[in-house]
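Position 101 of the sequence shown, counted from 1, bears residue number 101 in full-length UniProt numbering, the numbering being contiguous throughout. Glycine is no exception: its CB is placed at the ideal position from the N, C-alpha and C atoms. These notes concern the structure reproduced below.
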Amino acid sequence: QQSDVTLLVDGRQLTSARDRKRQAELSLARVKLNEPLTVVGFGLGDEVRAFMAQSSQPVKVLLINPGLFYALLSIDDELWQLLQSPQVSFELYPQGKLPPRNSIIISSELYLDDSVYAEEKQRLKCLLDDDFAHRNYLQRLTWLKERVKAQESFLMGEQPFDAAEFAPVDEALVLASGPSLEDSRQTVQRLTAAGIATIAVDSALPYLSSIGLFPQYALSIDYRAFNLMQQGGRLTPASPFLDKVMLIYDVVADASLISWFKQRRFIFNRNFINAAAPLKAPLCGRLQMSGSVSTTALSLALTLGAKRIYITGMDFAYKGELSHAGTGADERIYNPLTRSDLKIMGNDGRLHTTQRNFLSYKYIIEDLIALHPEVEFINLSPCGAVIKGATFRKL
1 QQSDVTLLVD
11 GRQLTSARDR
21 KRQAELSLAR
31 VKLNEPLTVV
41 GFGLGDEVRA
51 FMAQSSQPVK
61 VLLINPGLFY
71 ALLSIDDELW
81 QLLQSPQVSF
91 ELYPQGKLPP
101 RNSIIISSEL
111 YLDDSVYAEE
121 KQRLKCLLDD
131 DFAHRNYLQR
141 LTWLKERVKA
151 QESFLMGEQP
161 FDAAEFAPVD
171 EALVLASGPS
181 LEDSRQTVQR
191 LTAAGIATIA
201 VDSALPYLSS
211 IGLFPQYALS
221 IDYRAFNLMQ
231 QGGRLTPASP
241 FLDKVMLIYD
251 VVADASLISW
261 FKQRRFIFNR
271 NFINAAAPLK
281 APLCGRLQMS
291 GSVSTTALSL
301 ALTLGAKRIY
311 ITGMDFAYKG
321 ELSHAGTGAD
331 ERIYNPLTRS
341 DLKIMGNDGR
351 LHTTQRNFLS
361 YKYIIEDLIA
371 LHPEVEFINL
381 SPCGAVIKGA
391 TFRKL
């Protein structure tokens, strides 16, 4: 095996073009050598060989480009040796499932042949994004602690949120800030007029204020939300709207924003928060903090006991130049690391442009929904993405 030889498939390198052995070792850096390994994709088999050189544990290869694998069989004699090894097994990737914990993903294969395992490849890309985001979060812990310390005197006087203090609800309406929030305005107004419990994300508040709609709850988990709140000058500290909305927020939220709310305010109680993703068990009264603030809003509706939950503005896609957050296209839509010209199916039967981080948020929402089959989820977003487990309905 030559370290400076690789293979181009559809213009993409299957391995490093320099030191393939070293690259394979780096890929295995976080793998447990005393446990079975799962490899998603195959590349040219460098990672499989590197693992076998260090461990006698079995290796399972999950093929996501079977056509490529069969083509490689005809040109790579070493591949035949792996195929005959009792330590290695080959299977097609199981649809609808995530790889086990002790696994690696050959990322180059995720960008080949969108006609095969298209949804699974998107999900795997997002899984890599989630892993990167988690490591990035750990690196930013010092900054986060410093931010909380800077706001400590303000936060000490705030009241912790406890869902047990609030009356349970049968139905809830969750409002995110995507373009479909405005598209479904009349439906939203009818539901709120009927007295349904309404939960809104912070970035939706400027629009809701402009139409005179007052949600019972507003949620903020992002320190950048202050800029969104002032978007277009539609919301100011003097807005009477803020006297009628209850805020539930995280410690990293901007104190300048928090102080705008004159009604009851509650800070997230860390004893009632689940930050892990993907979700594996019902929240049991906790609020979900991974993904977007839409996930937290949806988990609040579940925590309040809602058995029917309407959602709108949770688009996870662009409508023209408007993003799922209701803002214009930012630099990420032009960044191949986040966009990659991804398209997603909308409730209107059309393909819409999306971003990698939007897909991550959508998958976390779908994981949360899947854990609650006893709850009816109704998606009111006409131009939003199809959300698995939520029925699209025009009311």
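Contact check, residue i vs residue j, beta carbons under 8 angstroms
i	j	result
V201	S294	yes
I221	D250	yes
Y93	L63	yes
I196	L175	no
R369	A390	In the sequence under discussion, the amino acid at residue 369 is Ile, which differs from the Arg named in the question. The answer is yes: Cβ separation under 8 angstroms.
T354	A317	yes
Q159	E120	no
G291	A204	no
V59	V88	yes
S108	G43	yes
A306	E171	yes
S180	G384	yes
R265	L247	yes
L83	L127	no
L395	T187	yes
N347	S299	no
S259	S239	no
Same chain, Cβ closer than 7 angstroms to residue i, neighbours up to 5 away in sequence not counted
i	result
P100	T38
P336	Unreliable placement is indicated for P336, whose pLDDT of 47 sits below 50; the coordinate value is still reported in the next sentence. Taken in chain order, the list of residues that qualify is empty.
V245	F214, P215, A218, F261, Q263
K362	F316, A385, I387
K125	L110, R356
E255	At residue 255 the sequence reads Ala, which differs from the Glu that was named. Here the set comprises Q151, F154.
Beta-bridge partners of residue i, as assigned by DSSP
i	result
V88	V59
A172	A197, I309
Q216	Paired residue(s): none; Q216 is not in a bridge.
F42	None, per the DSSP bridge assignment.
A385	G346
I267	P160, Y249
A390	F377
Residues near residue i in its chain [Cβ-Cβ closer than 8 angstroms; skip 5 each side]
i	result
R185	I211
E91	K60, V61, L62, L63
E331	Note that E331 has pLDDT 46, beneath the 50 cutoff, so the model's placement of it is unreliable and no number is given.
Contact set for residue i: own chain, Cβ-Cβ below 6 angstroms, skip 5 residues either direction
i	result
A24	D46, E47, A50
I378	Y310, T391, R393
K32	N102
P36	Q57, P58
E376	R308
D162	none
K343	L351
S27	E47, I104
L173	L191, I196, T198, Y310
task = Tell me the start and end of each unbroken beta strand (DSSP E) in the region 233-265 that is at least 3 residues and wholly inside, in chain order.
result = 246-249
Contained alpha helix (DSSP H) runs [length at least 4] in the region 68-116, N- to C-terminal order = 77-84
message = So within the region 344-374, which uninterrupted beta strand (DSSP E) runs reach at least 3 residues, ignoring any that extend past its ends?
response = 351-353
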